[in-house]
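For reference, the structure discussed in these notes is given below.
2 protein chains.
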Amino acid sequence: MSRPTVNPASLAELAQFAMLLEVTARGKPGNIDRCHDYEDTRLDHFLSSAVLAKPIFSAIEAGNLSIGEAMRDVVARTNMHRGGNTHFGAFLLLLPLIAGKGIAGATELVKKTTVTDAVLFYKAFGLTQVRVRTEDPMDVNDPASIQRLKDEQITMYSVMEYSAPHDMVAREWTNGFALTRRAADLLFAQKDGVHAIPAMFLTLMTEYPDTFIAKKFDEATAEEVMYKARAVRDGRQTLAAFDDECIKAGINPGSLADICIAGIFIALLEGWQWDC
Amino acid sequence: MSRPTVNPASLAELAQFAMLLEVTARGKPGNIDRCHDYEDTRLDHFLSSAVLAKPIFSAIEAGNLSIGEAMRDVVARTNMHRGGNTHFGAFLLLLPLIAGKGIAGATELVKKTTVTDAVLFYKAFGLTQVRVRTEDPMDVNDPASIQRLKDEQITMYSVMEYSAPHDMVAREWTNGFALTRRAADLLFAQKDGVHAIPAMFLTLMTEYPDTFIAKKFDEATAEEVMYKARAVRDGRQTLAAFDDECIKAGINPGSLADICIAGIFIALLEGWQWDC
Numbered sequence: 046m047s048r049p050t051v052n053p054a055s056l057a058e059l060a061q062f063a064m065l066l067e068v069t070a071r072g073k074p075g076n077i078d079r080c081h082d083y084e085d086t087r088l089d090h091f092l093s094s095a096v097l098a099k100p101i102f103s104a105i106e107a108g109n110l111s112i113g114e115a116m117r118d119v120v121a122r123t124n125m126h127r128g129g130n131t132h133f134g135a136f137l138l139l140l141p142l143i144a145g146k147g148i149a150g151a152t153e154l155v156k157k158t159t160v161t162d163a164v165l166f167y168k169a170f171g172l173t174q175v176r177v178r179t180e181d182p183m184d185v186n187d188p189a190s191i192q193r194l195k196d197e198q199i200t201m202y203s204v205m206e207y208s209a210p211h212d213m214v215a216r217e218w219t220n221g222f223a224l225t226r227r228a229a230d231l232l233f234a235q236k237d238g239v240h241a242i243p244a245m246f247l248t249l250m251t252e253y254p255d256t257f258i259a260k261k262f263d264e265a266t267a268e269e270v271m272y273k274a275r276a277v278r279d280g281r282q283t284l285a286a287f288d289d290e291c292i293k294a295g296i297n298p299g300s301l302a303d304i305c306i307a308g309i310f311i312a313l314l315e316g317w318q319w320d321c
Numbered sequence: 046m047s048r049p050t051v052n053p054a055s056l057a058e059l060a061q062f063a064m065l066l067e068v069t070a071r072g073k074p075g076n077i078d079r080c081h082d083y084e085d086t087r088l089d090h091f092l093s094s095a096v097l098a099k100p101i102f103s104a105i106e107a108g109n110l111s112i113g114e115a116m117r118d119v120v121a122r123t124n125m126h127r128g129g130n131t132h133f134g135a136f137l138l139l140l141p142l143i144a145g146k147g148i149a150g151a152t153e154l155v156k157k158t159t160v161t162d163a164v165l166f167y168k169a170f171g172l173t174q175v176r177v178r179t180e181d182p183m184d185v186n187d188p189a190s191i192q193r194l195k196d197e198q199i200t201m202y203s204v205m206e207y208s209a210p211h212d213m214v215a216r217e218w219t220n221g222f223a224l225t226r227r228a229a230d231l232l233f234a235q236k237d238g239v240h241a242i243p244a245m246f247l248t249l250m251t252e253y254p255d256t257f258i259a260k261k262f263d264e265a266t267a268e269e270v271m272y273k274a275r276a277v278r279d280g281r282q283t284l285a286a287f288d289d290e291c292i293k294a295g296i297n298p299g300s301l302a303d304i305c306i307a308g309i310f311i312a313l314l315e316g317w318q319w320d321c
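Laid out in structure tokens, this is it:
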């Protein structure tokens, strides 16, 4: 009788695990988590998204899909429920990080994305309710934008360069995944696995205004949230009260949550002991 | 450019989703869940187990593994962390239910398990810290038991028949997965998807003493827990207070949790709208 082959976790499995760890982490202000659901979107939708995304992660790990194709496929598959956009930004980070087997590889890969990838990306966007800035001339929800991509030969990388000033997730494509790196480093610096993710998340909140908040409200609000996070860090307000305030005001640091997922993935890839 | 193929969820994916829905459900007294970790075992371990089990689920769905082989492989793979036994009982239910594509198929399949399956099952057990009755002459932790299986040609089904009086998970193999059926039916009877799982779990607690509690403490304690669950159902105690009492006493209805997972899987398979 043969011995069981215990295969180590694949990159696709690490990415899925990162998504699950992030959404179930306790005490990330303003996000959906173990103890908060939103009206239309529940924790269950995020779990469903993590389950359904996995085959696309495996396919891109195996080199069978371009980044544009993978975005289209993963958004189409995870859009099968009513919870709306759950992981769009996380996918934008995870897909190149999986395909590139880490930050260095991803940084090179994204530069090689094509016009076709850009068109597929816009089509993926069209399947979601992803929040954009209302005054954006390259609004992804406008069909004329797709024609413009082809006419002007705009690649997916160029789209991210264009979006970077107002979108911290797109910005990662252009700056070597800098905040992803920071997030992973923060995890490695933690001694306590249980509290590592919320601690990392709060630290990121104290350092960077969240562009998802800026799009929903404005940049002043995003900065105010950053200062309030510092008050929590410095002990002038409790985490619970801050979380409660964010939830009541509809303030959701969704782009930092996406970066948090990417950071957890990189940390796991690099051997982070989540189990300590 | 091709349209994306949106494949519906496989049985393996439904089983993984069932595991995730169960462990993140709010308000299941005494279990690890969103708001409770135990000292050595955390929610994260259950998430890891759900991620790592998936390829074995896919393999048995495709007919590539016997039930015994699948138990051995899934326990070996999910045992890679320090959280101990997380899903042993759930696997014992899910593997035949996936392979049989439902309860009817599973009921027939389990009867056809072999002596080899029994040996592999005992070896899987040996990899875990699964709780057994201390006075059990067929103690799975005793190597002489494996020799006895071979000498007396005891099949895996026979092992479950032998264990059924004291183990409600093993009992499912012998009674047509009766509690799994009940659990699924309870979910379909719910109007509210958000509260369906905890409501189903509490109902099961009011109807059946949990054999995991009986093994850890004694049958009187397991019955007492059933009566206390009825007090909650009847409004004489709050769910929160009952949950707190269970946690403090180390009372964990782990076998009902396994049946809960199986029930969720069957409900999903049969089209339950978890998203309502």
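Protein chains in written order, with this note's numbering: chain A, 46 to 321; chain B, 46 to 321.
Cβ atoms here follow ideal geometry from the backbone N, Cα and C, with glycine treated the same way.
Starting from the beta carbon of Arg193/B, find every residue of chain A whose beta carbon is closer than 8 Å, and list them in chain order. In chain order: nothing, as chain A lies at least about 17 Å away.
Determine the chain A residues that contact Arg227/B at a beta-carbon separation under 7 Å, and present them in chain order. Residues of chain A passing the Cβ test: none, with the nearest at roughly 22 Å.
In chain B, which residues lie with their C-beta within 9 Å of the C-beta of Asp303/A? Residues of chain B passing the Cβ test: none, with the nearest at roughly 19 Å.
So that I know if they touch, is there some Cβ in chain B lying closer than 9 Å to that of Trp319/A? Trp319/A counts as touching chain B.
Chain A beta carbons: is any one of them nearer than 9 Å to that of Thr200/B? no
May I have the straight-line CA-CA distance separating Ser203/A from Pro243/B, to the nearest angstrom? 48 Å
Quick check on His90/B - is its C-beta less than 9 Å from some C-beta in chain A? yes
Candidates Glu197/A, Thr283/A, Asp320/A, Ala312/A: closest to Lys73/A by CA position: Thr283/A
Which residue's Cα is closest to the Cα of Lys156/B: Glu217/B, Ile101/B, Ser190/B? Of the listed residues, the one whose Cα sits closest to Lys156/B is Glu217/B.
So, for Thr248/B: in the same chain, excluding its five sequence neighbours on each side, which residues have a beta-carbon less than 7 Å away from its beta-carbon? Leu231
Who are the near neighbours of Phe310/B in its chain, counting only those whose CB is closer than 7 Å to its CB and skipping five residues on each side? Leu59, Ala60, Ala63, Leu139, Leu142
Can you tell me where the alpha helix (DSSP H) with Pro100/B in it begins and where it stops? Counted as a single uninterrupted DSSP element, the alpha helix (DSSP H) harbouring Pro100/B occupies residues 88-106.
Exposed or buried, what is Met46/B when buried is set at 16 or more other beta-carbons lying within 10 Å of its beta-carbon? In this prediction, Met46/B scores a pLDDT of 48, lower than 50, which makes its location untrustworthy; the coordinate-derived value is nonetheless stated afterwards. With fewer than 16 other Cβ atoms inside 10 Å of its own Cβ, Met46/B counts as exposed.
Does any CB atom of chain A fall closer than 9 Å to the CB of Glu58/B? So yes, Glu58/B belongs to the interface.
Could you check the C-alpha separation between Thr173/B and Arg117/B for me, to the nearest Å? 11 Å
Helix, strand or coil for Ile199/B? Go by DSSP, reduced to three states. coil
For Thr131/B, I'd like the list of residues in its chain whose CB is within less than 6 Å of its CB, leaving aside the five on either flank, ordered along the chain. His90, Phe91, Ser94
Neighbour flag for Met46/A against chain B, beta carbons, 9 Å: Note that Met46/A scores 48 on pLDDT, short of 50, meaning its location in the model is unreliable; the coordinates nonetheless yield the value given after this. So, interface residue.
Find the residues of chain A that neighbour Ile93/B, judging by a C-beta separation of less than 7 Å, and give them in chain order. Inspection of the sequence shows that residue 93/B is occupied by Ser rather than by Ile. Those are Phe62, listed as they occur along chain A.
Could you tell me the boundaries of the alpha helix (DSSP H) in which Ile304/B lies? 299-314
Would you say Asn297/A faces chain B, with C-beta separation under 9 Å as the test? no
Mind checking if Arg122/B is an interface residue toward chain A, Cβ cutoff 9 Å exclusive? yes
Answer yes or no: do Asp212/B and Thr256/B have a C-beta to C-beta separation smaller than 9 Å? yes
In chain order, what residues of the same chain have a beta carbon less than 6 Å from the beta carbon of Ala302/B, not counting five sequence neighbours either side? So the list reads Asn76, once near-sequence residues are dropped.
Shorter than 9 Å from the beta carbon of Leu142/A to some beta carbon of chain B? no
Take the Cβ of Tyr272/B as the centre, count every other Cβ of all protein chains shown within 10 Å, and call the residue buried at 16 or more, exposed below. In this structure Tyr272/B is exposed. Its beta-carbon is surrounded by fewer than 16 other beta-carbon atoms within 10 angstroms.
Quick one: Cα of Thr123/A to Cα of Glu153/B, how far? The alpha-carbon of Thr123/A is positioned some 34 Å away from that of Glu153/B.
Using only CA atoms, which one of Met250/B, Ala259/B, Ala241/B, Tyr253/B lies nearest to Arg71/B? Arg71/B has its Cα closest to that of Ala241/B, out of Met250/B, Ala259/B, Ala241/B, Tyr253/B.
Element boundaries [alpha helix (DSSP H), containing Arg226/A]: 223-234
Beta-carbon of Pro100/B versus every beta-carbon of chain A: anything under 9 Å? Using a CB distance cut-off of 9 Å, Pro100/B counts as an interface residue toward chain A.
Among the residues of its own chain, which have a CB less than 7 Å from the CB of Lys99/B, if the five just before and after it don't count? Ala57, Gln61
Cβ separation of Thr251/B and Ala307/B, assumed to be a contact under 8 Å, to the nearest whole Å: That belief does not hold up - the Cβ atoms of Thr251/B and Ala307/B are roughly 19 Å apart, past 8 Å.
Does the Cβ of Glu195/A have 16 or more other Cβ atoms within 10 Å, making it buried, or fewer, making it exposed? Before going further, note that residue 195/A is Lys rather than Glu in the sequence given. Looking at its Cβ environment, which holds fewer than 16 other Cβ atoms inside 10 Å, Lys195/A is exposed.
Return no unless some Cβ of chain A is closer than 9 Å to the Cβ of Val96/B. yes
In chain A, what lies closer than 7 Å to Val239/B by C-beta? Arg87
Beta-carbon proximity of Ala115/B to Ala107/B, cut-off 9 Å: The answer is no: Cβ separation not under 9 Å.
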